[in-house]
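Below is one structure, written out as C-alpha cells; the observations come after it.
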Amino acid sequence: MACVLAHCVQDLTMIKILSFFLTNLCAFLMGYIPFPIPYFYGMSFLDALNEPQLKAATSIQGPVMIIAGPGSGKTRVLTFRIAHILSQGVDPFEIMALTFTNKAAREMKNRIEAIQGTGARSLWMGTFHSVFARMLRSEATKIGYTSNFTIYDSDDSKNLIKNIIREMGLNDKTYKASSVHYRISLAKNNLINHQEYPLQTELVQEDEAYGRPKVADIYKEYAKRCFRAGAMDFDDLLLKTHELLESVPEVLYKYQHRFKHVLIDEFQDTNFLQYSIVKKLADVHQNICVVGDDAQSIYAFRGASILNILNYERDFPDVQTFRLEQNYRSTKTIVAAANTIIANNKQQLAKKIWTDNADGDRIKVIRSMSDNEEGRLVADAIFEQRMRDHISNSGFAILYRTNAQSRSFEEALRRLNIPYRIYGGISFYQRKEVKDLMAYLKLTVNPNDEEAFKRVVNYPARGIGKTTMEKLIVFAADNDRSLWDIADNIALFPFPAAARKNLTEFVTMIKSFQAQLGKMHAYDLAAQVAKSTGILKELYNDQSVEGLSRYENIQELLNSIREFVDPGEYNQLVPVDATEADRSLAAYLQQVSLLTDADQQDGTDDTVKLMTVHAAKGLEFESVFIVGLEENLFPSGLSVNSREELEEERRLFYVAITRAEKKLTLTHAASRYKFGSLDYCEPSRFIDELPQDQLEMVGYNKAARSGREEYVTYQAPKITRPAPAQPAFTHQASAGFSPAAPNELQEGMDVEHQKFGFGKIVGMEGNNDGKMATIQFQKAGQKKLLLKFAKLSIVRN
DNA sequence: GTGGGATCGGTTTTT
DNA sequence: CCGATCCCAC
C-alpha cells in the first residue's frame, strides 16, 4: 500500500517536473524567437488572412461594414487594414481609429508598428473619449473653455448633481443623484443638450411619470455649473466635440479634410452621439470602416443601439458589407453552445458562426451550496486543470456579472497559492487619498474646478467648515462666479475674520503652486503639493495598515506622474493618441481621468484574471469560468423586466461563453450572502437554454431540477491544502454588539483597538439594556483613558 | 468646527 | 456588510 502511494507521489512529481519544463520551454520559445511579422507571414503581410478577411482588409475605398463574429480574427483584419492603408502612402496622422479601450489601441499600434515601422505612432488611435479629449484640448478655447479643462468622473458629476438637488430644495429621495445623472447622460448621448431637453416631450413626460418634473432644470443648472468650473464630464467630451464641429466651421473643415480614413472598432457599442461625430468627420472622404457584431452589443444601458448599424446602412447606401463567420478561437462545443444561446434572441441579424476546430470537452456546470464553496470549487478546478491540461495561470479567467462577486474567488485562490489579478472594482484613481492629491493638482491647473475645491478646501482640516462653505456657495451662485473667484476676492464679501483668514491662506497656498506650474518639474511640483498641504504628513502619522497603504498609494501616484513626464521605455500613461508630446501636468490629469480598467493591466504576467463579463470583451482565454449563474444575478434582477433588457443579458452571456478557447465551466451557488444574511438562489435560466446533452453536471441534486427523487452526492475534489491560519482575533466587539459580546470581553483583558492599537480594557461600566456596554480602553504604555466606546478585537493568548 | 458613534439605506454593467 | 449621513459632546 505504502509502495503504491509512493509511486503515485513519484508520478505526480514527474508530472510536475514535466509540466514545469514544458511551460518554461514554451515561455522560452515565445520570448526569444524574434517575431518579425512580415517575414513570418510570408512575402506580404496580407498573405496571412483568409479569403473574407483579406477582402475586408483591402477594400479601403468608400464606406465599409465588417460584421465579425467572436473569434473571427477581427483585430487582425483591422490591424492589417490600417497597415495596408499606410502602405498605399497615406500619412499616419490622416487616420483615425477608435477602439474600445486604450489598451486595445496600444496593442494594435504595436502590431502595426511591427509591420510598418515607427510612423504608426502618430496615428490618431484610442478610445472615443481620449481621442476627442485630445482634440478638445487644442480647440476648447473656440467654445469658451480653457485647454486646461478638468474632466469630471462619474463621482464628481453625481456629487455636483446632488448638491444642485439640495440647493434647489428638492427631495433627494425622489431626486436621486444617480438616476438624475443617468437621465442627463442618456440625453447627452442622444445629442440632446440642456436647451433642447425641455422641448423633448417624451423625455419630459417620462420624468413627470416618475414624479421628477424638475430634471430639465437640474440639467440646465448642471451644465451651467460644469461650464463655470471649466469642467467636462465624460459625456461632455463627446457632446462638446460635436458642438465644436457643428459651430466652428474651420475646425470641422480642418479635421474633415485631415482624416482620410476613419475606423471604428466595436461599432455595436457606440451610441448615437459618437456615431454622429464620426459621421461628420468622415463626410468629406467617406472612407469609413466600422467593425462590429450585433450579438455582442452589451452597452445599451449606455445608449448604444442596434439602430446605429441600421442608420449606417441608410446613411451610406453604397456600403460594402463583409461577414466574418468562421471562428478560430473556440471548440465546436463552445461555438454550438453560443449559437444555441443567442438563438433565443429575437432582435438580431441572421448569421451563423462556425468553426473547423476540434469538438473539445463538454461544458461543465457546477452547483455549489454557497458563494464561498463556489470560490473553493473554482480554485480547485483551476489547480487541477493547471496540472492535467498544462494550462498556465494566464490561461484562466473567472468572469462574473458584478464586481462585488470577486471576494470568494480571491480568498480561495489565495489559499491555494494561485496568483491572480482583479480588474475593475475600485480602481487606483478612485481611492480617497489619490483623489485628494489629484484634487489639489486639478485645482492648481484649473482653480475654478468646483468639485476639487470642495474636496480639499478643508482637507486636511483648516477651519473652513460647513457654515463658511454654505456662504461661499451662496455668494458664488448670486454672482455667477466660481467658488475660487469668491475666495480669491474674499474682501468683497462679508465673512467673519477667522473664515476670511483661513480662506486667504488656502488661496495663497494654491497660488504658490500655480506660480511653479511652468517652472517646476511636474513630479517635483506634485511632491511639493503633497508635502506642503499636509496630506503626506497626515497619512504618515496614521500607522494603521490602511494608513500605510494610503501612504504608498500617494507615492505610487507621484511615481506615475514622474513616468508620464519622463517617458521611459514602456509607459502605460503615455497618451496613446499623442503625436506631439504634451507632458504638462494638465495633460496628465486629463489622460488619467480616461484610463479604463483594462488599461491597468500589463497583461503579460502569469496570473489568473478576475473581471466582469463587460471587462472581458475582446479577450480570450483557454479556460473560462462563468460564475454566479443565478436568477437575479446573471441575468441581473434589474434587467428581466422587458424583452430588450433580457436579450442584452443574453448577449452578455454570449460574450462570456465565446471568450473560451478550450474549456468552459459554469457555476452557480444555491445560496449566497447578501447584506450579511443568507439568500437562496435559483439557477439561471441561461443554464436551461444551453444544449443539455453537451453539459456535464457536477454537484447536482437532480431532484431539485427535474422533480425526481434522484440524489447525486456531491464531493469536492480532494486536494490537500495547508491548514488555514488561525485568526488572531476570534471575536470582534463593537458598539452595538449582540448580548454575547460582553461575556467575551472582561476587565483586564488585552485587546487590540481598530485604530489605537494594543491596550487593555480597564472597565466595563453600565450595561444599558443588555445590548450595549461602555468599554473603557487604555492604550498600552499610556496612563490616560483613551475612550469609552471602542471597536475592539480580543487578543487570544 | 471637529470627531466619534449610531443609524439608515442600498445592490449592474463603463467612459 | 458597507458607506453616507445624522446627531451629539467637546
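Here this note's numbering is used: the first residue of the first sequence is 7, the next is one more, and so on. Note that CB positions come from ideal geometry on N, CA and C, so glycine has one too. Keep in mind that this is a model prediction, so the values were computed, not measured.
Closest Cα partner of residue i within the set the options
{"i": "S136", "options": "T105, N116, E653", "result": "T105"}
{"i": "F265", "options": "T156, A622, L92", "result": "L92"}
{"i": "M526", "options": "P466, A111, T450", "result": "T450"}
{"i": "A89", "options": "I118, Y546, A505, N108", "result": "I118"}
{"i": "R87", "options": "L55, F99, A110, R368", "result": "L55"}
{"i": "V268", "options": "D97, Q332, E654", "result": "D97"}
{"i": "G430", "options": "E439, A410, L447", "result": "A410"}
{"i": "H263", "options": "R427, D289, E272, V254", "result": "D289"}
{"i": "L279", "options": "H291, Q292, R308", "result": "R308"}
{"i": "Q326", "options": "I294, N350, L313", "result": "I294"}
{"i": "E552", "options": "E637, K438, L601, V186", "result": "K438"}
{"i": "S566", "options": "L644, D162, A533", "result": "A533"}
{"i": "K260", "options": "V186, F273, F99, G132", "result": "F99"}
{"i": "K164", "options": "S128, K220, I224", "result": "I224"}
{"i": "D365", "options": "D300, G381, S336", "result": "S336"}
{"i": "D395", "options": "Q67, E628, G95", "result": "E628"}
Close-in-space but distant-in-sequence residues of the same chain around residue i (CB under 6 Å, 5 per side omitted)
{"i": "E562", "result": "none"}
{"i": "F322", "result": "P69"}
{"i": "F640", "result": "R407, G634, S690"}
{"i": "A493", "result": "L509, V513"}
{"i": "P466", "result": "G540, E544"}
{"i": "L245", "result": "K194"}
{"i": "E511", "result": "none"}
{"i": "R234", "result": "S488"}
{"i": "A62", "result": "I72, V83, F328"}
Cβ-Cβ distance between residue i and residue j below 8 Å
{"i": "V619", "j": "L405", "result": "yes"}
{"i": "H73", "j": "R329", "result": "Position check: residue 73 holds Ile in this sequence, whereas His was assumed. In this structure, R329 lies closer than 8 Å to I73 by Cβ."}
{"i": "A229", "j": "T156", "result": "no"}
{"i": "I304", "j": "D275", "result": "yes"}
{"i": "G75", "j": "Y334", "result": "no"}
{"i": "N196", "j": "D241", "result": "no"}
{"i": "V254", "j": "D271", "result": "no"}
{"i": "L166", "j": "E476", "result": "no"}
{"i": "L663", "j": "I347", "result": "At residue 663 the sequence reads Ile, which differs from the Leu that was named. The answer is yes: Cβ separation under 8 Å."}
{"i": "Q302", "j": "Y660", "result": "yes"}
{"i": "R657", "j": "N317", "result": "no"}
{"i": "N399", "j": "D612", "result": "yes"}
{"i": "L625", "j": "A536", "result": "no"}
{"i": "E380", "j": "T673", "result": "yes"}
Cut-off 7 Å between Cβ atoms - residues of its own chain near residue i, not counting five sequence neighbours on either side
{"i": "L554", "result": "none"}
{"i": "N508", "result": "R468, G469, I470"}
{"i": "V646", "result": "L652"}
{"i": "L84", "result": "M114, L269, D271, V297"}
{"i": "V210", "result": "P204, A222"}
{"i": "L31", "result": "Confidence in L31 is poor, its pLDDT being 38 and thus under 50, which makes the residue's placement too unreliable to answer from."}
{"i": "Y557", "result": "L545, Y546"}
{"i": "P697", "result": "A342, A343, T346"}
{"i": "P453", "result": "W490, I516"}
Same chain, Cβ closer than 8 Å to residue i, five either side skipped, listed in chain order
{"i": "N345", "result": "K358, I359"}
{"i": "A710", "result": "Only weak support is given to the placement of A710: the predicted model assigns it a pLDDT of 47, under 50, and the value that follows is read from those uncertain coordinates. For A710, where only same-chain residues beyond five positions count, there are no Cβ hits under 8 Å."}
{"i": "I496", "result": "R506, L509, T510, V513"}
Per DSSP, the bridge partner or partners of residue i
{"i": "P689", "result": "E636"}
{"i": "Q332", "result": "W360"}
{"i": "A237", "result": "T156"}
{"i": "C829", "result": "For the chain, the structure presents residues 7 to 803; residue 829 sits outside this window and is missing."}
{"i": "H248", "result": "According to DSSP, H248 bridges with nothing at all."}
{"i": "K680", "result": "S683"}
{"i": "K370", "result": "T671, E702"}
{"i": "S629", "result": "F402, K669"}
{"i": "K615", "result": "A403, R427"}
{"i": "L104", "result": "G132, I270"}
Three or more C-beta pairs under 8 Å: does that hold for the region 138-145 against the region 240-260? yes
Given 8 Å, three or more beta-carbon pairs between the region 670-686 and the region 361-379: yes
The region 349-356 / the region 384-392 touching (three or more Cβ pairs under 8 Å): no
At a cut of 8 Å, does the region 691-699 reach the region 640-657 through at least three beta carbon pairs? yes
If contact is defined by three or more beta carbon pairs under 8 Å, each pair taking one atom from either stretch, is the region 588-597 in contact with the region 437-456? yes
Assess contact between the region 660-669 and the region 335-342, defined as three or more Cβ pairs (one per stretch) separated by less than 8 Å. Is contact present? yes
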